[in-house]
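Participant: There's a structure below that I have some questions on.
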Amino acid sequence: MAAKPMSFLGDVARWLTDGDSWDGRSGIAHRLVEHARYSAAAVVTAFAIAAPVASWIGHKRRFGTLGMNIANIGQTLPTFAVLVLVVQAVGIGEAPLVGPLALFLALTLLAVPPIFTNVYTGFAGVDDAYRDAARGMGMTEQQQLLRAELPIAMPLVATGVRIAVVQVIATATIGAYAGAGGLGRFIIDGFALQDNPQVFGGALLVAAVAILSDRLLVSAERRLGAWPRTRARLGFRRSG
Numbered sequence: 001m002a003a004k005p006m007s008f009l010g011d012v013a014r015w016l017t018d019g020d021s022w023d024g025r026s027g028i029a030h031r032l033v034e035h036a037r038y039s040a041a042a043v044v045t046a047f048a049i050a051a052p053v054a055s056w057i058g059h060k061r062r063f064g065t066l067g068m069n070i071a072n073i074g075q076t077l078p079t080f081a082v083l084v085l086v087v088q089a090v091g092i093g094e095a096p097l098v099g100p101l102a103l104f105l106a107l108t109l110l111a112v113p114p115i116f117t118n119v120y121t122g123f124a125g126v127d128d129a130y131r132d133a134a135r136g137m138g139m140t141e142q143q144q145l146l147r148a149e150l151p152i153a154m155p156l157v158a159t160g161v162r163i164a165v166v167q168v169i170a171t172a173t174i175g176a177y178a179g180a181g182g183l184g185r186f187i188i189d190g191f192a193l194q195d196n197p198q199v200f201g202g203a204l205l206v207a208a209v210a211i212l213s214d215r216l217l218v219s220a221e222r223r224l225g226a227w228p229r230t231r232a233r234l235g236f237r238r239s240g
């Protein structure tokens, strides 16, 4: 007989608040750090790959469609399929880092498209008046990018990062299938043990981390909204 809803929710609450659930290498605290580490590594790498190329293409306003089509390969490939292909190619039992490496590659491919698209759109959408003013003041192209265009593009850049972060945090749970850690372990192990409170508790943790990250980054975006023109003017003054 299925457990009553209130009884089940009570079991979930007990699992989440039980000190034993938080302790050790298989506890919530350790898994949370693992999840954050996997997610951060993928987003930082994706940004390092996508942002420089997208900003330059947006600045030049050339090859934008081609660039976005290439970047969007990461969205056409199912993340779980990439994870499985890497694991099968290397063999999950060959090395302890195969699972984390496969997860890292899959999440990086997932994070590239939103970052590339928003960075490109941000730089390509900079008003020509700012570009002309920067050139008229003798700025080099690098100075134009950093002092005149980046402040204007920053809100969209931040949006791309936020979208990537939320997608990666939610998707990183699949790493448990490949032997990686993270919060997904509670879901996979819970199913294996038929421990429904653990499964539901693990899903709640993932959702909570994703929502909290989204809210924090939305707040940061709002702060950046008032920054662009002020920052651009400062950049012009320093060059004057």
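By the count of full-length UniProt numbering, the sequence shown reaches residue 240 at its end, each step adding exactly one. Virtual Cβ for every residue (Gly too), placed ideally from N, Cα, C. Quantities reported herein were computed from a predicted structural model and do not represent experimental measurements.
#1: Quick one: is residue 147 buried, meaning 16 or more other Cβ sit within 10 Å of its Cβ, or exposed?
#2: Output needed for residue 102: all residues of its chain with C-beta closer than 7 Å, excluding positions within five of it in sequence on either side, in chain order.
#3: Looking at residue 112 and residue 169, is the spacing between their C-beta atoms short of 8 Å?
#4: Looking at the secondary structure, which residues open and close the alpha helix (DSSP H) in which residue 6 lies?
#5: Enumerated in chain order, which unbroken segments of the alpha helix (DSSP H) with a length of 4 residues or greater are wholly contained in the region 154-240?
#6: Name the residue from 118, 215, 16 whose alpha carbon lies nearest to the alpha carbon of residue 199.
#7: Three or more beta-carbon pairs under 8 Å between the region 18-29 and the region 106-122, yes or no?
#8: Take residue 75 as the anchor and find which of 218, 207, 171 has the nearest alpha-carbon.
#9: On a Cα-Cα basis, can you pick out the residue from 97, 71, 160, 32 that is closest to residue 206?
#10: State the DSSP-derived secondary structure class of residue 69, mapped to helix, strand or coil.
#11: Considering only their Cβ atoms, is the gap separating residue 155 from residue 221 smaller than 8 Å?
#12: Which first and last residues belong to the alpha helix (DSSP H) in which residue 37 is found?
#13: Could you pull the start and end residues of the alpha helix (DSSP H) that residue 138 belongs to?
#14: Using a 10 Å radius around the Cβ and a threshold of 16 neighbouring Cβ atoms, would you call residue 141 buried or exposed?
#15: Ignore the nearest five residues each way along the sequence and tell me which others in residue 236's own chain have a CB closer than 8 Å to its CB.
#16: Do you know whose CA, among 47, 196, 163, 202, lies nearest residue 185's CA?
#17: By the 10 Å Cβ neighbour count, where 16 or more other Cβ atoms means buried, how is residue 160 classified, buried or exposed?
#18: Comparing C-alpha positions only, which one of 59, 89, 108 sits nearest to residue 130?
#19: What three-state label does DSSP hand residue 147 in the structure shown?
Facilitator: Concretely, from the data shown:
#1: Along the sequence shown, one-based indexing puts residue 147 at 147. Label assigned to residue 147: buried.
#2: Numbered from its first residue, the sequence shown carries residue 102 at position 102. If we look at residue 102 and ignore the five residues flanking it on each side, its Cβ neighbours are 83, 86, 87, 178.
#3: For the purposes of this step, residue 169 is taken as the residue at position 169 of the sequence shown. For the purposes of this step, residue 112 is taken as the residue at position 112 of the sequence shown. In this structure, residue 112 does not lie closer than 8 Å to residue 169 by Cβ.
#4: Here residue 6 corresponds to residue number 6 of the sequence shown, with the count starting at 1. Where residue 6 is concerned, the enclosing alpha helix (DSSP H) stretches over 5-17.
#5: 184-193, 196-225, 228-239
#6: For the purposes of this step, residue 199 is taken as the residue at position 199 of the sequence shown. When only C-alpha atoms are compared, the closest one is 16.
#7: no
#8: Here residue 75 refers to the residue found at position 75 of the sequence shown. The shortest C-alpha to C-alpha distance from residue 75 to any of 218, 207, 171 is the one to 171.
#9: By 1-based counting over the sequence shown, the position of residue 206 is 206. Proximity to residue 206 across 97, 71, 160, 32 peaks at 32, based on C-alpha coordinates.
#10: Locating residue 69 in the sequence shown gives position 69, counting from the first residue. Residue state, collapsed to three classes: helix.
#11: Against the sequence shown, residue 221 aligns to sequence position 221. Against the sequence shown, residue 155 aligns to sequence position 155. Taking 8 Å as the Cβ cut-off, residue 221 and residue 155 qualify as a contacting pair.
#12: Position 37 of the sequence shown, counting from 1, holds the residue named residue 37. Residue range 28-60 is occupied by the alpha helix (DSSP H) that includes residue 37.
#13: Residue numbering aside, residue 138 sits at position 138 when the sequence shown is read from its first letter. Unbroken run through residue 138: none, as it is neither H nor E.
#14: For the purposes of this step, residue 141 is taken as the residue at position 141 of the sequence shown. Per the 10 Å Cβ criterion, exposed.
#15: Counted from its first residue, the sequence shown places residue 236 at position 236. Note that residue 236 has pLDDT 48, beneath the 50 cutoff, so the model's placement of it is unreliable and the number below is only indicative. Excluding positions up to five away in sequence, the list reads 133, 134, 137, 147, 148.
#16: The count along the sequence shown starts at 1 and reaches residue 185 at position 185. Cα-wise, what sits closest to residue 185 is 202.
#17: Taking the sequence shown and counting its residues from 1, the one referred to as residue 160 is at position 160. So residue 160 counts as buried.
#18: Position 130 of the sequence shown, counting from 1, holds the residue named residue 130. When only C-alpha atoms are compared, the closest one is 59.
#19: Taking the sequence shown and counting its residues from 1, one reaches residue 147 at position 147. Residue state, collapsed to three classes: helix.
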